[in-house]
Structure formats: structure tokens, C-alpha cells
Amino acid sequence: MLAAAAWLCVGPLAAHAEDGPSWKFSGFGTVDLVHSTERRADYVASLAQPNGVGATTGWSLGIDSKLGAQVDAQFGPQWSASVQALTRHQWDNSYTPELSLGFVKWATSAGVDLRVGRMPYAAFVVSDYRNIGYAQPWVRPPLEVYSLSLDHVDGIDATWRTSVGDVGLKLQALAGRTKQELAVGTVTGRRIGGVNLTADMGAATARLSMLRIGELSVSSPAINGVFGLVRSGVPAGMLFAGSPAIPPNPSEADAYEYKNRPSTYISLGLGYDPGDWFVSSEYGHVQRVSFGAAAREFYVTGGVRLGAWTPYANVAQLRHTEKLTSTSPLLQAVIDGSNATDQKSVSLGLRWDFAKSADVKVQVDRMSNAAGSKGLLIDPRAGFVAGRRYSVLSVAVDFVF
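Taking our numbering, I'd label the letters of the sequence shown as residues 91 to 491.
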């Protein structure tokens, strides 16, 4: 696909040792400025960001701006290694560099590629290059699908490629674990397993994916404190003056605690790109996990390439498909707040490839939160109105080297 080619063909600097490994250095980055008309809550690009644009500040450079560098080493025809470092707006409000990728690859003689190390969390169409803005049509992947996802898996994967007639097939299987810091707490996933099947026929592409986390946990002082109160009960007047006593309810705490819960995600991606125009879509289903209700999410993107200019449009939606209830009023408040994220959006954008390895994008998103929902906004302040519409303006410069 064009996006993959953009990353592989950036013209990296290379130095070749006569009898040793060959080395490549390459990198990528984005600098963008974002404005939101919603001033009572923050718009963010992922749940890893502790603050964003809107209530905290009217304009922000920290939503999508990032810088990445990668070193690839080739040790003969079958062995290679890659390490990628990335700096971006982190959960602790810093830009501390992180190890985003780091693996050893063995291209076996049987036609199967094996990798061991830190690899992308391969649940989505753009998982392999989701941090590389230059390789994507949008300023950022649609939040309705991508904002809730994990970044990486530490483990092993195997990829097998073959063809059946005019159809090229790629089958990937992976296993591992992950631990990531988000603004809401620490997310730990164990016993991760997944299978992805991609089929290419001419300009058409289809991708089916299923990932399962055997033991998914979310831990933070706030979450742990709520479940502690549910187990022990709340004395009268503890929550606020005149609040009634809440009796202990350990069974409800056990039923909803976000600890070692299984989670399954299934997605289907379709695309058609003959060159002068393109259309792509992705649909995902999230299984209920603890107090997170099951949800469906999708986007459809289309664009036309007019020389160096690419106007594009996108529609997307995130919608929960069930309503959870609890006999504990404390847990019910957590359930309602966590699942009040239904939203849809319509986006219009324009990309200008002003240089061989750089572009400028201008994108306007019209966000519509469902009734009673804050959407994917965070940190609502006094005066915030759920279910309200707002707009986001983004101007970004992407580059690769």
C-alpha cells in the first residue's frame, strides 16, 4: 500500500560494513497546532494524554506532535533487527522518549518471518505505521476507532505470505503481553494472542483481525479507591454532607473490578486505491470488559489525488451496544461515566505534498457527542454540557527522513 511504501522509501542514510552488518537510520515526525471550540473539556488524541486542547488551553502543539527515530541492522540474508524511539505527549505530561519498537527478525527458509521483541499492537489497518503521520491521509487516525487502543506487544509474531491466483495473502499470528501507562492508570495485558489475515487483489485490500487479551487489568489510585469503598462500605456523611451510608457490597466489586479480565477485539478493514483516488474503512467490535460496555466503532474515508493536493473526507462513530447496571451506587457512577463516550464525527481535510518527504495537512472535525455523553473528551469542567457539538481545527506538518 502507499502508506507502507512511504515509510519504506524515505531514503534513509545507510552505512555498509564490508564484512559486517549493514545499517540504516531513518526517522519521522509531526508538528501540529490544534484548536477546539469546546472550552469546558479537553480534546486529546489518545487516553495516554493527561490534558489537551479546549479547557486547558485554546491552542495546543501537544496533541499530535511527535518525533521518532529508527535504526535497522541487516545481518546477512535472513537475520535483521530494528529499534525505534519515539517522543510525544506522555501520560505524565512529559515528552520523555520511549522504546516504541525493538525486535529481532528471522526470515526463515520456509517463507515465514519470525519476530521477537516489542512490536505494534496489530489490531488495526494502520497499526504498523500509526505514529507516522506522513504515511496516513488524515492528521490523526479516527479517534472513534484508534483512541482506545494499546500501542505495542512484547512477545513473538509469525508472518506467512503466499498467493492464490491474483490474490496475495498475508497471515500473521502473535502472542505476548503488554504494560502501558495511560492518564487513567496502568494497563496490563497478559496472555495476548491474535490472528490477522490480509488479502490484496489489484487495488483492493481486505483485512480481518481478532485479538484476545486473556488477562486485562487497569489500576490507578482512583479506581482502586472506589472498589475499596464498594467492598468496605461508606459511612454516612463521608461522600458529602448528609450523604447516606452505603453498605458493603463485595460481590459487586468482584463482578466489576478491572482485574485479569478477558477481552476480545474483532475488526474488518476494507480499502480500494487505484492511484487517483482512494476509499478505506474499518469496523471494530469491542467485547464488554469489567465496567466497560461492549461497543461498535467504524470509519469511512475517501479522497482524490490531484497532483500534490489531496482533499479528503471522513465519517466515524463510536457507540456502546449495551447498558450495564449495578446494585452499588458508587459502581453505577463509575459505569455511567466510563461508558458515556458515544460520539460521531464528520471531517474534511486537505493534504499538500509540498516536498518529496513532507506534507502539510489542514483538517476540520465536526464532533457530535450523543445525548448525555461527553464523547472522548477528558477532564470536563464546571459548566460542561454533555451531548453538545463542537469543532476541532488542526494544521499539521509531517515529514520523514
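Quick reminder that beta carbons are idealized off the backbone N, C-alpha and C, glycines included.
Check the Cα spacing between residue 244 and each of 231, 194, 413: the tightest is with 194. Residue pairing of residue 170 in beta bridges, as defined by DSSP: 164, 195. Secondary structure at residue 370: strand, using DSSP grouped into helix, strand and coil.
Boundaries cannot be given for residue 256, as no alpha helix (DSSP H) includes it and DSSP labels it neither H nor E. In the DSSP assignment, residue 118 forms a beta bridge with 158, 490. In this structure, DSSP gives residue 363 a state outside helix and strand, which the three-state scheme calls coil. With a cut-off of 8 Å on Cβ pairs, the segment 270-285 is in contact with the segment 234-251, counting three or more such pairs. A distance of 8 Å or more separates the beta carbons of residue 232 and residue 220. Judged by DSSP secondary structure, residue 401 falls within the beta strand (DSSP E) whose first and last residues are 399-410.
Exclusion of the five residues before and after residue 317 leaves 343, 347 as the residues of its chain whose Cβ lies within less than 7 Å of its Cβ.
Three or more pairs of CB atoms, one per stretch, sit closer than 8 Å, so the segment 424-432 contacts the segment 451-464. Residue 139 sits buried, since 16 or more C-beta atoms from the chains shown fall within 10 Å of its C-beta. Using a Cβ distance threshold of 8 Å, residue 204 and residue 153 do not count as a contacting pair. DSSP places residue 315 within a helical segment (H, G or I) once states are collapsed to three. Looking at the DSSP output, residue 210 sits in a beta bridge with 242. Closest option to residue 215, judged by alpha-carbon separation, among 305, 190, 236: 236. For residue 459, the enclosing beta strand (DSSP E) begins and ends at 448-459. Shown here for residue 358: same chain residues with a beta carbon closer than 6 Å to its own, the five before and five after excluded, namely 298, 373 in chain order.
Residue pairing by DSSP puts residue 269 in a beta bridge opposite 278. Residue 202 sits close to residue 249, with the two beta carbons spaced by under 8 Å.
The residue among 200, 128, 209, 213 with its C-alpha nearest the C-alpha of residue 356 is 213. Nearest to residue 128 by alpha-carbon distance, out of 175, 486, 470, is 470. Taking the C-beta atoms as reference points, residue 196 is found no nearer than 8 Å to residue 272.
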